[in-house]
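According to the numbering used here, the sequence shown is numbered sequentially starting from 56.
Here a beta-carbon is modelled for each residue, glycine too, at the ideal position from N, C-alpha and C.
It should be emphasised that the depicted structure is a prediction, and the values quoted were computed from it without experimental measurement.
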Amino acid sequence: MIIDETIVDTNEATREDLLKVHTKRYLSSIKWSIAVARVLEIPPVALLPNFIVQLRVLKPLRYQTGATMLVNNCFFCFENSCLCHLLLCNAGELALERGWAINVGGGFHHCSSDSGGGFCAYADLTLLIIDLFTYFSDRIKKVLIVDLDAHQGNGHERDFMHDDRVSIMDMYNRHIYPRDHLAKNAIQCKIELDNQTDDKAYLRLLHNNLKNSLNEFQPDFVVYNAGTDILQGDPLGNLDITPQGVIIRDEIVLSKCIREKHIPIVMCTSGGYQRTNARVIADSILNLYTKKLISCESI
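1. Which residue's Cα is closest to the Cα of Ile231: Arg314, Ser222, Asp249?
2. Use the C-beta contact count for Pro319: other C-beta atoms within 10 angstroms, 16 or more gives buried, fewer gives exposed.
3. Inspect the CB distances between the segment 317 to 333 and the segment 275 to 282 and report whether three or more fall short of 8 Å.
4. Under a Cβ-count criterion, where at least 16 other Cβ atoms within 10 Å of its own Cβ denotes burial, should Ala178 be classed as buried or exposed?
5. Which same chain residues, not among the five before or five after Asn293, have their C-beta less than 8 Å away from its C-beta?
6. When the Cα atoms are used, what is the spatial distance from Arg153 to Gln207?
7. Look up Asn293 in the DSSP assignment and give the residues it is bridged to.
8. Quick check: the segment 259 to 277 against the segment 194 to 203, are at least 3 beta-carbon pairs closer than 8 Å?
9. If you measure between the beta carbons of Ile307 and Leu261, is that distance less than 8 Å?
10. Would you give the residue range spanned by the beta strand (DSSP E) that Asp202 belongs to?
11. Within 10 angstroms of the Cβ of Glu71, are there 16 or more other Cβ atoms? Answer buried if so, exposed if not.
12. Between His38 and the rest of its own chain, which residues show a CB-CB distance below 8 Å, the 5 nearest in sequence each way excluded?
13. Taking Leu269 and Lys311 to be in contact with their CB atoms under 8 Å, please state how far apart those CB atoms are, rounded to whole angstroms.
14. When burial is assigned at 16 or more other CB atoms within 10 Å of the CB, is Ala356 buried or exposed?
15. Locate the alpha helix (DSSP H) running through Asn263, then write down its first and last residues.
16. Between Phe174, Ile185, Asn158, which lies nearest to Asn337 when the distance is taken from Cα to Cα?
17. Grab the span of the beta strand (DSSP E) containing Lys245 for me, first residue to last.
18. Take Ala101 and list the residues in its own chain whose beta-carbon comes closer than 6 Å to its own, dropping the five residues that flank it on each side.
19. CB-CB under 6 Å to Gln119, same chain, minus the five flanking residues each way: which ones, in chain order?
20. Taking only the alpha-carbon atoms, compute the straight-line gap between Phe191 and Val221 and give it to the nearest angstrom.
21. Relative to the C-alpha of Leu172, which residue among Ile195, Asp235, Asp225 is closest?
22. What's the call for Leu182, buried or exposed, on a 16-neighbour Cβ count within 10 Å?
23. Hey, could you find the ends of the alpha helix (DSSP H) Asp179 is sitting in?
24. Would you identify the three-state DSSP class for Leu116, choosing helix, strand or coil?
25. Compute the beta-carbon to beta-carbon distance between Leu55 and Ile313, rounded to the nearest angstrom, for a pair I have assumed lies under 8 Å.
26. Look up Glu167 in the DSSP assignment and give the residues it is bridged to.
27. In three-state DSSP terms, what is Glu148?
28. How long is the line joining the alpha carbons of Asp186 and Leu74, rounded to whole angstroms?
29. Between which two residues does the alpha helix (DSSP H) holding Ile23 run?
30. What does Ile157 pair with, by DSSP beta-bridge criteria?
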């Protein structure tokens with residue numbers, strides 16, 4: 056299923072790319088190890104020489120950010136229920152003939168234009184959406200963010216607080232980080248969960264609220280933040296979702312967006328802090344393929 060011909064190589068996000076979203080002040084601040092330690096919330100990072108932090112920590116995060124941007128540069132749309140490709144006007148890259156894309160990384164939803172946190176140093180989701188509005192303003196008028204990471208996505212919420220072109224559906228554990236009450240004002244569909252929420256309650260809330268969000272906002276594009284820190288046993292998420300629950304969750308989201316609504320969707324795998332997460336993500340992607348929600352045509 057996954058071979059070289061079905062994978063898109065990414066480029067590292069450049070300073071020019073990042074300045075589309077981030078302030079110079081913020082980008083300058085993370086040239087200091089102590090600032091990066093605060094963003095990552097890993098105090099020992101402050102003791103490392105900054106060249107190591109840049110090479111071993113921030114550079115990989117910039118590649119993940121570039122992957123989310125690449126998903127944008129390979130923009131997909133449906134026309135008369137048939138997939139068609141577009142030539143990106145500013146990059147000259149032929150878009151992939153899909154209505155979906157998955158970045159097995161990214162989803163740095165705690166980072167905003169002038170602030171990082173929660174292991175999120177670059178605002179890749181904001182960057183993706185800004186580029187969509189910039190390069191495809193004739194056809195992308197409204198974007199829906201569906202944030203299903205266990206944590207509140209306060210970064211993109213702060214960035215799009217006063218932008219009515221963006222609607223946010225955020226389902227998260229109300230009792231954990233970041234508890235950003237100001238950012239909550241940006242959420243149009245807020246689903247706050249209690250500790251140990253299980254599959255049955257979670258999937259019912261997801262199904263009903265996603266259906267309503269899509270019908271009411273009628274987006275032209277969906278950005279799906281698919282964190283697996285909702286899994287039972289996650290040390291930070293504190294929810295009780297089984298691996299099968301994650302698989303059904305992803306199937307619900309892509310089925311409603313792609314099959315029912317014919318809306319292009321980008322999925323980022325975001326947070327997850329157990330050794331088993333990669334296996335669950337792989338099983339979920341395989342299920343999407345088996346259910347014919349995604350395909351693996353050669354690029």
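For this structure:
1. On the sequence shown, residue 231 is found 176 positions in, with the first residue counted as 1. Comparing Cα positions, the closest option is Asp249.
2. As a first step, residue 319 must be located in the sequence shown, where it is residue number 264. With 16 or more Cβ atoms within 10 Å of its Cβ, Pro319 is classed as buried.
3. The segment 317 to 333 and the segment 275 to 282 touch, with no fewer than 3 CB-CB distances between them shorter than 8 Å.
4. What you label residue 178 is simply residue 123 of the sequence shown in a count that begins at 1. The residue in question, Ala178, is buried, as its Cβ has 16 or more Cβ neighbours within 10 Å.
5. In the sequence shown, counting from the first residue as 1, residue 293 sits at position 238. Cβ within range, chain order: Ala205, Asn228, His230, Ile231, Asn250, Gln251.
6. Counting from 1 along the sequence shown, the entry for residue 153 is found at position 98. Counting from 1 along the sequence shown, the entry for residue 207 is found at position 152. Distance between the alpha carbons of Arg153 and Gln207 is about 29 Å.
7. Position 238 of the sequence shown, counting from 1, holds the residue named residue 293. DSSP output for Asn293 lists no bridge partner at all.
8. Here the segment 194 to 203 lies against the segment 259 to 277, with 3 or more beta-carbon pairs under 8 Å apart.
9. As a first step, residue 307 must be located in the sequence shown, where it is residue number 252. As a first step, residue 261 must be located in the sequence shown, where it is residue number 206. Against a cut-off of 8 Å, the Cβ pair of Leu261 and Ile307 comes out as a contact.
10. Taking the first residue of the sequence shown as position 1, residue 202 is located at position 147. Segment 198 to 202, the beta strand (DSSP E) holding Asp202.
11. Within the sequence shown, the letter at position 16 stands for residue 71. Counting Cβ neighbours within 10 Å, Glu71 comes out exposed, since fewer than 16 surround it.
12. No answer is possible for residue 38: the residues shown for the chain start at 56 and end at 354.
13. The sequence position of residue 269 within the sequence shown is 214, counting from 1. The sequence position of residue 311 within the sequence shown is 256, counting from 1. Going by Cβ atoms, the distance from Leu269 to Lys311 rounds to 6 Å, so yes, they are a contact pair.
14. Lying outside 56 to 354, the shown extent of the chain, residue 356 is not represented and no answer is given.
15. Residue numbering aside, residue 263 sits at position 208 when the sequence shown is read from its first letter. That run of the alpha helix (DSSP H) goes 254 to 272.
16. Against the sequence shown, residue 337 aligns to sequence position 282. The identity of residue 337 in the sequence shown is Ala, whereas the question assumes Asn. Here the closest residue by C-alpha is Asn158.
17. Translated into positions along the sequence shown, residue 245 becomes position 190. Where Lys245 is concerned, the enclosing beta strand (DSSP E) stretches over 244 to 248.
18. Against the sequence shown, residue 101 aligns to sequence position 46. These residues qualify, in order along the chain: Ser88, Ile89, Ala92.
19. The residue given as residue 119 occupies position 64 in the sequence shown. Gly160, Gly161.
20. Residue mapping note: residue 191 aligns to position 136 of the sequence shown, counting from 1. Residue mapping note: residue 221 aligns to position 166 of the sequence shown, counting from 1. If you draw a straight line from the Cα of Phe191 to the Cα of Val221, it is about 15 Å long.
21. Taking the first residue of the sequence shown as 1, we reach residue 172 at position 117. Note on identity: in this sequence residue 172 is Gly, with Leu being the wrong assignment. That would be Asp235, whose Cα lies nearest to the Cα of Gly172.
22. For the purposes of this step, residue 182 is taken as the residue at position 127 of the sequence shown. Looking at its Cβ environment, which holds 16 or more other Cβ atoms inside 10 Å, Leu182 is buried.
23. Here the question's residue 179 lines up with position 124 in the sequence shown. Residues 179 to 190.
24. For the purposes of this step, residue 116 is taken as the residue at position 61 of the sequence shown. Secondary structure at Leu116: helix, using DSSP grouped into helix, strand and coil.
25. One cannot answer for residue 55 here, as it falls past the ends of the chain, which runs 56 to 354.
26. Against the sequence shown, residue 167 aligns to sequence position 112. Per the sequence shown, the amino acid found at residue 167 is Ser instead of Glu. Ser170.
27. Taking the first residue of the sequence shown as position 1, residue 148 is located at position 93. Only weak support exists for where Glu148 lies, its pLDDT of 30 falling under 50; the value from the coordinates is given anyway. Coil at Glu148, not helix or strand.
28. Here residue 186 refers to the residue found at position 131 when the sequence shown is read from its first residue. Here residue 74 refers to the residue found at position 19 when the sequence shown is read from its first residue. Rounded to the nearest angstrom, the two C-alpha atoms are 12 Å apart.
29. The requested residue 23 is not part of the displayed model; the chain covers only 56 to 354.
30. Reading the sequence shown from its first residue, position 102 is the one you call residue 157. For Ile157, which the question treats as bridged, DSSP gives the partners Met322.
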